[in-house]
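Have a look at the structure below, then the notes.
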Amino acid sequence: MKIDKLIGNEEKQLEGVWIIYEDDAKFKLAYAQSKPITREREKKNAKARQKYGWNRNLPPDVVEKIGTDLTIQFILKGWEGIEDSDGKELPFNEANARDLLSRSARLRDFIAAESFDLANFQDDPLTPEEKEVTEGAGDAAQAATKSGATVAA
Numbered sequence: 462m463k464i465d466k467l468i469g470n471e472e473k474q475l476e477g478v479w480i481i482y483e484d485d486a487k488f489k490l491a492y493a494q495s496k497p498i499t500r501e502r503e504k505k506n507a508k509a510r511q512k513y514g515w516n517r518n519l520p521p522d523v524v525e526k527i528g529t530d531l532t533i534q535f536i537l538k539g540w541e542g543i544e545d546s547d548g549k550e551l552p553f554n555e556a557n558a559r560d561l562l563s564r565s566a567r568l569r570d571f572i573a574a575e576s577f578d579l580a581n582f583q584d585d586p587l588t589p590e591e592k593e594v595t596e597g598a599g600d601a602a603q604a605a606t607k608s609g610a611t612v613a614a
């Protein structure tokens, strides 16, 4: 296996790739484990731990807020094919993203699974065997498989 398949394409990781969601929408996502996101996640978690205590679990609403903030700031770069209840194209902006993410656990799970999957940010697609090795047996990999998501060309 080439080392590039273990590292991924840094430009794709930061700028994002289009991921198809259920055939009628797509989301542009950056890699959730890139250095800028990891650094910011560590800062936000440390700040929350200072407030709530280092030896305690953070409250679920705090964990969710940190995740949503990071997703909006770094991971979710755009969308196409998302419509409001009147069937009009929903523009991509921070307010709409926050509203959509706060109301759809299914979308949050999809974005988490796809943005943590390094295989989405490769120059060369992985073979099924290589993808299995990079994904491991985690819930995110299973969720991505269940969603039927694919990287758009």
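For the sequence shown, our numbering gives the first residue as 462, with consecutive numbering after it. Glycine included, every Cβ here is placed at the ideal spot set by N, Cα and C.
Helix, strand or coil at residue i [DSSP, three-state]
i, result
"ALA509", "helix"
"ILE572", "helix"
"ASP600", "Per-residue confidence for ASP600 stands at a pLDDT of 46, beneath the threshold of 50, marking its modelled position as unreliable; the derived number appears in the next sentence. Three-state DSSP puts ASP600 in a helix."
"ILE498", "helix"
"ARG567", "helix"
Where the beta strand (DSSP E) containing residue i begins and where it ends
i, result
"PHE488", "486-490"
"GLU541", "537-541"
"ILE480", "478-482"
Among the options, the one whose alpha carbon lies nearest that of residue i
i, options, result
"LEU562", "GLU483, PRO497, ASP530", "ASP530"
"THR576", "ILE464, MET462, GLU550, TYR482", "A quick correction: the sequence has Ser, not Thr, at residue 576. The residue with the shortest Cα to Cα distance from SER576 is TYR482."
"LEU537", "GLU476, ASN470, GLU472, GLU503", "GLU476"
"VAL478", "ASN470, ASP484, ALA556", "ASN470"
"ASN557", "ILE543, ASP547, ILE468, ALA507", "ILE543"
"THR532", "LYS505, ARG500, LYS508, ILE572", "ILE572"
"GLU555", "LYS549, ASN518, TRP540, PHE582", "TRP540"
The alpha helix (DSSP H) enclosing residue i, as first and last residue numbers
i, result
"ILE527", "521-531"
"ASP560", "555-564"
In DSSP terms, what residue i is bridged to
i, result
"GLU503", "Answer is none; GLU503 lacks a bridge partner."
"GLU544", "GLU550"
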